[in-house]
Amino acid sequence: MRFAAIADIHGNCAALTAVLDDVAALGIRDIVNLGDCFSGPLDAGRTADLLLLLDMNAVQTVRGNHDRYLLETPPEAMGRSDAHAHALLAPRHFEWLRKLPTSMVWREEVFLCHATPQQDDVYWLDSVSGEGKVVLRPQAQIERFAEGVEQSLILCGHSHLPRVVTLSDGRMIVNPGSVGCPAYHDDEPVPHDVENGHALACYAILEENERGWAPQFRTVGYDHMAASRLAADAGRADWASALATGRMG
20 MRFAAIADIH GNCAALTAVL DDVAALGIRD IVNLGDCFSG PLDAGRTADL LLLLDMNAVQ
80 TVRGNHDRYL LETPPEAMGR SDAHAHALLA PRHFEWLRKL PTSMVWREEV FLCHATPQQD
140 DVYWLDSVSG EGKVVLRPQA QIERFAEGVE QSLILCGHSH LPRVVTLSDG RMIVNPGSVG
200 CPAYHDDEPV PHDVENGHAL ACYAILEENE RGWAPQFRTV GYDHMAASRL AADAGRADWA
260 SALATGRMG
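Below, the structure written as structure tokens:
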């Protein structure tokens, strides 16, 4: 089995298009999408149209926390990134979001979720220290989140950081990184920045061979400065910096 995993597009249609072109150039047809599709000061509507088209071609998608916020939070109470996306989405896009599962088993061997199986807004492979440093989560905590998941390959997103962790029983957890948002600031559980340090779109290829799963992380260039200008035009200097440099200012 060989397929691509994408996550955390965040309305960045240009980055998504570049990743899809790279996937096609490699001859890969199967793609799974781990959620947080639209939220951000970018191209939520165009991104949604593209994802709906992909959905008709059997791309499997699970719902992320920001996808849930777009459905459950009144527009006047949304954060700026969600509110910007909400205003650009059409009824058909919201209907597609409503149909997405929070997790799923794909082809019997692969478990898909956005963050953890239990919650869509908790980092699985990473934790945040009291000083706001993002670090690898202790193995015992990672294993605890994986209790009850039987599949040999587990895919998650949410942190935007490409990472692979092997569990004590041989199962593998992979975060493919973020297609469309290489850096961001969050206030929960304490204020912290997540920074990839580059402006490239990230995704992963997963291939199963006689030795098990072999993940390959890929980065793809695109016109990230156009995306940065789009964010700046929307009044989001934080996003403009993240998209231009992969750092928060």
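The numbering of the sequence shown is the numbering used here, which starts it at 20 and goes up by one.
By construction, the Cβ of each residue, glycine as well, lies at the ideal position given by its N, Cα and C atoms.
E169 by DSSP, collapsed to three states: which one?
The answer is coil: DSSP assigns E169 none of H, G, I, E or B.
Close-in-space but distant-in-sequence residues of the same chain around G59 (CB under 8 Å, 5 per side omitted):
If we look at G59 and ignore the five residues flanking it on each side, its Cβ neighbours are H29, G30, N31, S100, H103, A104, G199, C200, A250 and W258.
In the structure shown, what three-state DSSP assignment does Y203 receive?
Residue state, collapsed to three classes: strand.
Residues in its own chain within less than 8 Å of A165 by CB, not counting five upstream and five downstream?
Excluding sequence neighbours, A165 sits near P136, I173, L186, R190 and I192.
According to the neighbour-count rule (16 or more other Cβ atoms, all chains shown, within 10 Å of its Cβ), is V209 buried or exposed?
Under the 10 Å beta carbon count, V209 is surrounded by fewer than 16 other beta carbons and is classified as exposed.
Let me confirm a value: Q79 is counted as buried when at least 16 other C-beta atoms fall within 10 Å, else exposed. Which label applies?
With 16 or more neighbouring CB atoms inside 10 Å of its own CB, Q79 falls in the buried class.
Determine, using beta-carbon pairs with one atom in the stretch 232-243 and one in the stretch 203-221, whether at least three such pairs fall under 8 Å.
Flag = yes, the stretch 232-243 and the stretch 203-221 touch.
Extent of the continuous alpha helix (DSSP H) run through M244
It spans H243 to D252 - the alpha helix (DSSP H) in which M244 sits, taken as one unbroken run.
Under the rule that 16 or more other beta-carbon atoms within 10 Å means buried, what is D188, buried or exposed?
Counting Cβ neighbours within 10 Å, D188 comes out exposed, since fewer than 16 surround it.
Sequence-distant residues of its chain with Cβ nearer than 6 Å to W307 (five each side left out):
Nothing in the structure corresponds to residue 307, since the chain is present only between 20 and 268.
State the CB to CB distance for the pair A63 and L35, rounded to an integer number of angstroms; the pair is presumed to be in contact (CB under 8 Å).
Incorrect: roughly 11 Å between the Cβ atoms, too far for contact.
Where the alpha helix (DSSP H) through F18 begins and ends:
Because the chain here runs from 20 to 268, residue 18 falls outside it and cannot be looked at.
Can you find the residues in the same chain that come closer than 8 Å, C-beta to C-beta, to P120, ignoring five residues on each side of it along the sequence?
These residues qualify, in order along the chain: V81 and R82.
Can you give the beta carbon distance from V147 to H211, rounded, assuming they're within the 8 Å contact cut?
That pair is a contact at about 5 Å.
So the candidates are D41, H112 and A77; which of them puts its Cα closest to the Cα of D86?
Minimum Cα distance to D86 is reached at H112.
In whole angstroms, what separates the C-alpha of L61 from that of A246?
Distance between the alpha carbons of L61 and A246: 7 Å.
Could you check the C-alpha separation between T264 and N215 for me, to the nearest Å?
Near 9 Å, if we compare the C-alpha coordinates of N215 and T264.
To the nearest angstrom, report how far apart R167 and G151 are at their CA atoms.
For the sequence presented, residue 167 should be read as Gly rather than Arg. Each residue's alpha carbon lies about 30 Å from the other.
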